[in-house]
């Protein structure tokens, strides 16, 4: 059953869109990533113009993330103080990111920049996470293994503005989450995503947050970042497709709930290893697309200029 | 609006219309060709998967008929990827002014059999005669290469007809053909030009408009998104939040 999307100006199958929304929602519930880094390329792949894909998936992430946060919050797995500290930097970062985006678009290389950023980020993060989680799994299997400290102490713990994040059992400088939020904000504006796939590993490895607290807290920040992106895209580029978003959302919110319940049954290390595999697969696909001779050398730009 | 509002090909109404044309239109002197569409509006609703309208008419005396459908003209930029440091990037581009967003030709016989090449070029019949012009600073050689690519891309999108459609005659004077547009058809006012060809020359013609427009909810959404962009953005965010919250309700206490 096909449906016409008024902003994207194409017809697509309703169940394909519902299914896609559901699959992405499931992943976001399990891993605490918004799923934008998968949703956007998938939408482009099925024929949605890239600008519309980026803006509409940001809009869909708002809903999916809220439903994810609520589910995690019921289990007491959201650190609100940490979330809002991250957000402080995130909003400033996304403002800078939007400015950079406009600049790159004018030069005609925004798509290349997006692909390269994805390959680099996903490749490095995926490899790091895979290695670390495999080590953790191996350590647990060995009987009598000595449990390591919660996190290593280093230069970051010498920074000023020390704040206690009770839920995360951390006493660290507020500058750390703010700076992390800022960096993710820049990235998410350029890549048109929530930034969860950067945020989640950074929160685990850099801030040293307990794995259980991470998905809910990162989703909390994603709600606001995605809302910001949605509004800016709708206002400046008119690329948010309400019908497309509605369909993705219906699938997405349900998928997120199922994903959250599924995620709590998995152990932290297994969760991290699965996410690492997923991240590496997407990176490999994008790298392949960049280096293989394109099927068609020519593309018509959606907008003149 | 029905899904294929324009498809009324086998409607007996058409026969009546054709007869009326013969009786009334055909008698009018100095009008060697008269033509009309079964519908002047292609309405894009929620279930839109493409549509078709029937072009029909009558000619005075012998001859062949060629029809050209042209969508609203717009500027188009086409990029060509090149390999830079091992990866494929957008390396070259050319911008063309006033390219028809849709283009299709229909003819009662192969065009090169009934019309000399230069006459076809004069009336811009056939994708080879579109005369798309590149904006500076494109060199003529590059422009030709990119123009070919542009036409090929548009053909792949189904927006430029690769081969002329068939115009069939019912008897000696009545003709008809079906114009089909895909789901990704651009909106706007189209022009349908009909030419009467006799002795390898165009001896008559007529132009009929065809409007492709969004209707109903789809039109409302796209209108609102354009005119009230800030409000649209805000509503998009709020509805997403409400939907997210609603979706979490059934799972309470699980």
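Chains as they are written, first to last, in the working numbering: chain W, 65 to 369; chain S, 37 to 290.
Every residue, glycine too, gets a C-beta built ideally from N, C-alpha and C.
The structure presented is a predicted model; accordingly, all values stated were derived computationally and were not measured.
If only complete runs of 4 or more residues are kept, the stretch 80-168 of chain W shows the alpha helix (DSSP H) at 100-109, 114-138, in order along the chain. Counting only Cβ-Cβ distances below 7 Å, residue 317/W has contacts in chain S at 279, 280, 283, in chain order. Within chain W, the residues placing a beta-carbon under 8 Å from that of residue 273/S are 123, 126, 291, 294, 295, ordered along the chain. In this chain, residue 82/S is not harboured by any beta strand (DSSP E), its DSSP state being neither H nor E. The contact set of residue 186/S on chain W, defined by CB atoms closer than 8 Å, consists of 362, 364 in chain order. Going by DSSP, residue 161/S is part of no beta strand (DSSP E) at all; its letter is neither H nor E. With a threshold of 8 Å between beta carbons, residue 116/S makes contact with chain W.
Counting along the chain, residue 68/W sits inside the beta strand (DSSP E) bounded by residues 66-69.
One alpha carbon belongs to residue 147/W, the other to residue 78/W, and they sit about 35 Å apart.
Leaving aside the five residues that flank residue 115/S on each side, the residues in its chain whose CB is nearer than 6 Å to its CB run, in chain order, 126, 129. Relative to residue 258/W, the option among 243/W, 291/W, 71/W whose CA is nearest is 291/W.
In this structure residue 118/S is exposed. Its beta-carbon is surrounded by fewer than 16 other beta-carbon atoms within 10 angstroms.
Among the residues facing chain W, residue 254/S is included, as its CB has a counterpart in that chain under 8 Å away. For residue 227/S, the enclosing beta strand (DSSP E) covers residues 224-234. Between residue 281/W and chain S, the shortest Cβ-Cβ separation is not below 8 Å. In this structure, 103/S is the residue among 112/S, 122/S, 103/S with its C-alpha nearest to the C-alpha of residue 146/S.
Bridge partners of residue 242/S according to DSSP: 230/S.
The beta carbon of residue 309/W falls within 8 Å of a beta carbon belonging to chain S, placing the residue at that interface.
Chain order gives no chain S residues near residue 274/W, where near means a beta carbon separation below 9 Å; the closest approach is about 23 Å. With 16 or more other Cβ atoms inside 10 Å of its own Cβ, residue 285/W counts as buried.
Scanning the stretch 303-367 of chain W from its first residue to its last, the whole beta strand (DSSP E) runs of 3-plus residues come out as 362-365.
Per DSSP, the beta-bridge partners of residue 112/S are 132/S. Comparing alpha-carbon positions, the option among 74/S, 80/S, 73/S, 75/S lying closest to residue 250/S turns out to be 80/S.
Neighbours of residue 352/W in chain S, taken as residues whose beta carbon is under 9 Å from its own, are absent, since the nearest beta carbon is some 11 Å off. Residue 295/W sits away from residue 197/W, with the two beta carbons spaced by 8 Å or more. Contact between residue 318/W and residue 283/S holds, since their C-beta atoms are separated by about 6 Å, short of 8 Å.
Residue 75/W carries a strand assignment under DSSP once its states are collapsed to helix, strand and coil. Boundaries of the alpha helix (DSSP H) harbouring residue 183/S: 176-192, taken from the DSSP string. Between the alpha carbons of residue 136/S and residue 152/W lies a distance of about 48 Å. With contacts defined as CB atoms closer than 8 Å, residue 120/W and residue 300/W fail to qualify as a contacting pair. Not a single C-beta of chain S is nearer than 8 Å to the C-beta of residue 328/W. Closer than 8 Å to the CB of residue 306/W there is at least one CB belonging to chain S. By the beta-carbon neighbour count (other beta carbons within 10 angstroms, threshold 16), residue 343/W is buried.
The secondary-structure analysis by DSSP pairs residue 258/W with nothing; it has no beta-bridge partner. Not flagged as an interface residue toward chain W: residue 247/S, since no C-beta distance is shorter than 8 Å.
Residues of chain W with a Cβ closer than 7 Å to the Cβ of residue 169/S do not exist, since the nearest Cβ in that chain sits about 14 Å away.
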